[in-house]
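Everything in the sequence shown is counted per this note's numbering, starting at 24 for the first residue and increasing by one. The beta carbon of each residue, even a glycine, is placed where N, CA and C say it ideally should be.
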Amino acid sequence: MNLFDRVRNRRGVRQFVKFGIVGASGFLVNLVIFTLLQRVVPNHNSAGPYFAIYSIAFLSGGVSNYFLNRVWTFRSTGHAGREAVQFMSVSVLALLVGLVVSALVARAVGHYGHVAWFCATLSGIVVNFFINKYWTFRSVR
């Protein structure tokens with residue numbers, strides 16, 4: 024078996040790839056909701072409204088990601104309620120990281136918008152994967 028096959032067959036690598044696919048679907052949910060809310064919320068480029076719509080969109084993607092990761096990525100049979108609370112707690116942590124990144128990017132580019140949203144959303148991927156793998160879904164064998 025060559026190196027590529029050995030890496031591909033490692034459970035953690037498969038989980039990371041699946042987590043990325045699920046994350047991409049949550050990313051799309053997040054983007055659609057963010058874009059729709061931008062169209063209906065006045066002054067969405069100022070900090071207050073931006074943080075509100077960013078938070079709603081981010082957490083909507085998080086709910087979608089929880090269900091897909093529980094069933095497909097980690098195939099968890101643990102207590103669904105406990106895992107949901109843990110997963111969403113990690114999502115809130117990633118949200119806070121994203122809000123800080125948004126503020127920094129907005130300061131650099133001069134406004135809140137899709138660039139700040141994109142950078143903020145990407146900033147939570149690694150945090151989300153490792154904390155969820157080793158805390159939320161730690162009982163998965």
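Report the three-state DSSP secondary structure of R98 (helix, strand or coil). coil
In terms of residue numbering, what span does the alpha helix (DSSP H) encompassing V86 cover? 70-91
Would you kindly work out how many angstroms separate the C-alpha atoms of Y77 and N68, rounded to a whole number? 11 Å
Buried versus exposed, by CB contacts within 10 Å (16 or more), S114: Buried is the call here.
Quick check on this structure: which residue in V124, C142, F90, V123 has the alpha carbon closest to the alpha carbon of N155? Per the Cα distances, F90.
Check each candidate in S162, F160, V123, T159 and name the one with the smallest Cα separation from F144. The residue asked about is misnamed: residue 144 is Thr in this sequence, not Phe. For T144, the closest of S162, F160, V123, T159 by C-alpha to C-alpha distance is V123.
For M24, does the three-state DSSP call read helix, strand or coil? coil
Of the residues V108, S146, N66, the one placed nearest L119, counting alpha carbons only: S146
What's the C-alpha gap between A47 and M24? 30 Å
Taking Cβ to Cβ, would you say A117 is nearer than 8 Å to N151? yes
For A80, collect the residues of the same chain with a Cβ closer than 6 Å to its Cβ; drop the 5 residues on either side in sequence, then sort them by chain order. N53, I56, F57
C-alpha gap between I44 and Y157, whole angstroms: 19 Å
I'd like the list of long-range same chain contacts for F110, defined as Cβ closer than 7 Å, with 5 residues on each side in sequence excluded. Y89, N155, T159
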